[in-house]
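Notes to accompany the following structure.
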Amino acid sequence: MSQDATPDRLLGRRLFWSRAALAWEILWPALWPPLGIAGLFVAFALLDLPNLLPGAVHAAVLVGFAAAFAGAAWWGWRKLIWPDTLAGRRRIERESGLAHRPLAALADHPSAPLDDASAALWEAHRRRMAAAMRRLRVGWPVAGLARRDPWGLRAILVILLVVAVIDAGSDWRERLARAFAPGWESGPPAPSASFDIWITPPDYTGLPPQFLRADISNSSGGPVRVPTGSTLLAQIHGGRGVPHLSIDGNSSDFEVLDKQNFRASATLGKGEKLSVSQGGATLGSWPIEIIPDNPPTAAFVEPPRATIRAALRVEYKATDDYGVEAAKLVIRREDGNPEDKLEIALPLPGLHLKEAKATNYQDLSPHPWAGLAVAITVVATDALGQTGESAPVHMKLPERTFTNPVARAIIEQRKELVKDPNSRDAVAEILDDLDKQPSLFHDDTVAYLALRLAALRLRQDDATAAIAAVVPLLWETALRIEDGRMSVAEQELRRLQQQLQDALARGASDEEIDKLTRELSDALNRYLQALAQDMRNRPADENQRPADPSKVVTSRDLQRMLDRARQLAHSGSQQQARELLSQLQDMLENLRAARPGQGQQGAGDAEQMMRGLRDMMQRQQQLLDRSFRAQRGQGQRQGRGQQQPGQMGQMGQPGEGQDGSQMGDLGDSAAQQEELRHALGEIMRHMGDGMGDIPDPLGRAERAMRDAAGALQRSTPGEAIAPQSQALDELQQGARDFAKQMQERMSKGWGSPGDDDGSVGDVPDKGDRDPFGRPLSSNGSYDQGDVAIPDAGILQKSRQILDELRRRAGERSRPAIELDYIDRLLRRF
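Next comes the structure, spelled out in structure tokens:
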């Protein structure tokens, strides 16, 4: 049984593969005609040839292909006959070259019982046939297509399919769909449709246009982000029928330019899906995300406050998604009509800034609301007209303090007239009384006539008209009596400063900037002359001490700042020019009202303590450097001792060689550290006596010095480095805190302007030097006395780079990763 089983299994496997080969030789010739017709139709469709046919011809072609396919499939089906076992045996015998049908012999059985000799002969025959089975071959199937296709048309069909797939690209789905949907419009065949779709964001966003392509319409890269208000422009060339533009299902027809060209435009304000279709087929579909334009925000950097010269100092900031277009100050009276408000335009430091921050001065002391309680807000506006308003700040509008009794009396009557218009008769009577004593205002004829005219108008004119005319007249009269020429020069200076700031904000021409700069320079000279004359007319203070030359600002310094601002404006750095003008305004507004050095005793003590702290930081740094050197020397000596242990005897006693040299490196560091700690304690005591508050970092520095002194006394410089470093850090922090305390105190009264030597005065010591003695700018930042002016070549190069980026952003044929990088650069800059 075992001997027969092995040939039977081997023969069974050969028969299976033989029948499979016969099945393929029968099946493939039967399938080739319908598959060839189907391949021809697919190539026909992928090449978009059906779209070129009229509707009736297109339908006829579809019917023809369908009939041919059905006929070929029926013809092939009729020839399908599954091969049996006998056919499989014959194929094996034929492929193996066996004669006399040996496989049939193996399957045969004796018809009658055999004797011994016959049985032996039969078994010998079967063994010979079984041995021949080991040489059996099935052979590769041969479909015989070469006989049926002698011209090799099947190779042409394969090449045609490859070309059609390449031509269709990502549009293969739409082309196959169009091949099964003939159009029934009359007319000549229409060419394949091509389209261009651009989305242009609003100009104020500064973003480049986006080009939509069909090959990314179904990608998974996320929706197309579109700013609200963007304009969509779609153009289609070719195709059949009027295309449709659909946004979230809301469809609209394209405008027909001619028989082959169509155009559509839309403003995108909402929607999540954009698609374009023509003739029942979708040309492209894109998910979109509309980015809203949020309202701007506005806030005060610090609450508005009055300057020494009674101007209102406003430091504000405003932010917006795409740029702040305008800002204004809105002032309302606390006890007045909410509809009555004072609006003042605030200049911006540049155009279309996403974050604008500026400081502005407004002289509202002549306004009738000066000295009254008001609520002040800053309002920012963006390109869409949306506004953002800050939280209100409640304060009294700055009011000028008059020292001349007549000027003070005139201002009091002016304020009374504003509060109660019905008191005009009483005000007129008081003005008459003042007018009868011209000696009180140095027999000034102009002041006399002004008071006389004001009283007459209050009695004779209409109440509303009289008050509107008399209020500014009384203000001008009080200023003339109080300041003489000084007031006129100051008003002119502030007016020209504001005009120059406005011109820079709107990007005025160089000629206008030069004209305003010259006028401001002349007004500045007149103001400084008037200020110097006013200082000379004041009585001298015998207790005043000389002004610190490092804090004296001369007219040349101010003129250099003005020239620098003009150079910045010419080079295109408008924002830097405005910042420099703001610094100039800070200096002019903070010129002290007394003579130089007046009231500086407290400031002198504070400056002396600050110098002591600076000197102490320098000495502490020297001690720290010495500890570092000592530790490094100690490590080197220990390394030499490990490498040359045999030389210990030559060096003397170990303790002497190492400790003695170490002490030589440290010297008297321990004593100096202790001395420095006592000096710090003395400074802290003076701070407590003179200013009340001692900065906490100084206490921590004193404790760190104590630890460092202990480590140095033990001759362990490595342990002294950490507390010495801490002591130095705490000294620096303590000096900064002390400088801040000095700034707060000095802003409340230390200082004075003007001298008789051509110097304008010394600006307020509002922390004008850092703990290291370096000068600070008016906003507290480190200032070296110059402003970096970008070279004109650098600015031109920057513009060229920006133009090149925008040009490349419009070349949509560039790689997607490069376009994405360029878009991100343009969005940032």
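Note that the sequence shown covers residues 22 to 850 in this note's numbering.
Backbone N, C-alpha and C define an ideal beta-carbon position, used for all residues, glycine too.
Would you mind reading off the limits of the beta strand (DSSP E) that contains residue i?
i: Asp342; result: 333-354
i: Leu372; result: Taken as a continuous stretch (DSSP letters only), Leu372 belongs to no beta strand (DSSP E), as it is neither H nor E.
i: Asp274; result: 271-274
i: Arg851; result: Limits of the chain in this structure are 22 at one end and 850 at the other, which puts residue 851 out of reach.
i: Glu364; result: 362-367
i: His265; result: 265-268
Per DSSP, what are the beta-bridge partners of residue i in this structure?
i: Ser386; result: Bridge partners of Ser386: none, in fact.
i: Gln256; result: Asp217, Arg284
i: Ser306; result: Ser296
i: Val400; result: Lys349, Glu410
i: Phe232; result: Trp219
i: Arg246; result: Glu310
i: Val448; result: Answer by DSSP bridge pairing: none, since Val448 is not bridged.
i: Ser251; result: Leu289
i: Thr380; result: Glu336
i: Lys417; result: Ala394
Identify, in the order they occur along the chain, each residue of the same chain with its Cβ nearer than 6 Å to the Cβ of residue i, setting aside the five sequence neighbours on each side.
i: His79; result: Pro71, Pro203
i: Gly739; result: Gln652
i: Ala366; result: Lys349
i: Leu719; result: Met705, Gly755
i: Ala347; result: Thr402
i: Glu433; result: none
i: Ile742; result: Ser648
i: Ala627; result: Met763
i: Ala379; result: Pro370
i: Ile257; result: Ala214, Phe216, Pro264, Phe283
For residue i, which residues from the same chain have a beta carbon less than 8 Å from its beta carbon, with the 5 sequence-adjacent residues on both sides left out?
i: Gln734; result: Ala691
i: Trp172; result: none
i: Lys375; result: Thr340, Asp341, Asp342, Tyr343, Gly344, Val345
i: Ser251; result: Ile220, Thr221, Pro222, Pro223, Thr288, Leu289
i: Gly673; result: Its pLDDT being 37, under 50, Gly673 is placed unreliably in this model, and the value from its coordinates should be taken loosely. Closer than 8 Å at Cβ, skipping near neighbours: no residue.
i: Val414; result: Phe321, Pro324, Pro325, Ala396, Ile397, Thr398
i: Gly667; result: Because the pLDDT of Gly667 is 42, which lies under 50, any placement of that residue in the model is unreliable, and the question is left without a value.
i: Asp465; result: Pro459, Arg501, Ile502
i: Gln580; result: Ser542, Leu545
i: Asp535; result: Arg587
Who are the near neighbours of residue i in its chain, counting only those whose CB is closer than 7 Å to its CB and skipping five residues on each side?
i: Leu68; result: Ala185, Asp188
i: Ala44; result: Trp103, Pro104
i: Leu517; result: Leu537, Glu540, Leu541, Ala544
i: Arg577; result: none
i: Gln59; result: The question names Gln, but residue 59 is Ala in the sequence shown. Correct list, in chain order: Phe90.
i: Pro209; result: A caution first: Pro209 carries a pLDDT of 44, below 50, which makes its placement in the model unreliable, though a value can still be read off. Within the same chain, Pro209 has no close Cβ partners at all.
i: Ala468; result: Phe462, Thr498, Arg501, Ile502
i: Ser799; result: Reliability fails at Ser799, whose pLDDT of 41 lies under 50, so the model's placement of it is uncertain and no value is given.
Hey, quick one: how far does the alpha helix (DSSP H) through residue i stretch, first residue to last?
i: Glu503; result: 484-504
i: Ile187; result: 174-189
i: Glu832; result: Where Glu832 is concerned, there is no enclosing alpha helix (DSSP H), given that its DSSP letter is neither H nor E.
i: Tyr86; result: Sequence inspection shows Phe at residue 86; the Tyr mentioned does not correspond to that position. It spans 76-99 - the alpha helix (DSSP H) in which Phe86 sits, taken as one unbroken run.
i: Leu438; result: 426-440
i: Ala391; result: No alpha helix (DSSP H) holds Ala391; DSSP gives it neither H nor E.
i: Gln481; result: 466-481
i: Arg587; result: 576-591
i: Glu195; result: 193-200
i: Gly720; result: 717-734
- Task: For the region 254-270 and the region 278-294, state whether three or more C-beta atom pairs, one from each stretch, are separated by less than 8 Å.
- Result: yes
- Item | At least three beta-carbon pairs within less than 8 Å, the region 308-316 to the region 404-420 | yes
- Message: With three or more C-beta pairs closer than 8 Å as the rule, is the region 414-423 touching the region 385-401?
- Response: yes
- Going along the chain, which unbroken runs of the alpha helix (DSSP H) with 4 or more residues stay wholly within the region 37-65? none
- Item | At least 3 beta-carbon pairs within less than 8 Å: the region 479-488 vs the region 512-528 | no
- Message: Whether or not the region 446-453 and the region 518-526 are in contact is what I'm after, with contact meaning three or more pairs of Cβ atoms, one per stretch, closer than 8 Å; do they touch?
- Response: Segments in contact, no.
- Taking three-plus beta-carbon pairs below 8 Å as touching, is the region 45-65 in contact with the region 79-90? Output reads yes: the region 79-90 touches the region 45-65.
- Message: Would the region 485-497 count as touching the region 421-441 if we require 3 or more Cβ pairs under 8 Å?
- Response: Under the three-pair Cβ rule at 8 Å, the region 485-497 counts as touching the region 421-441.
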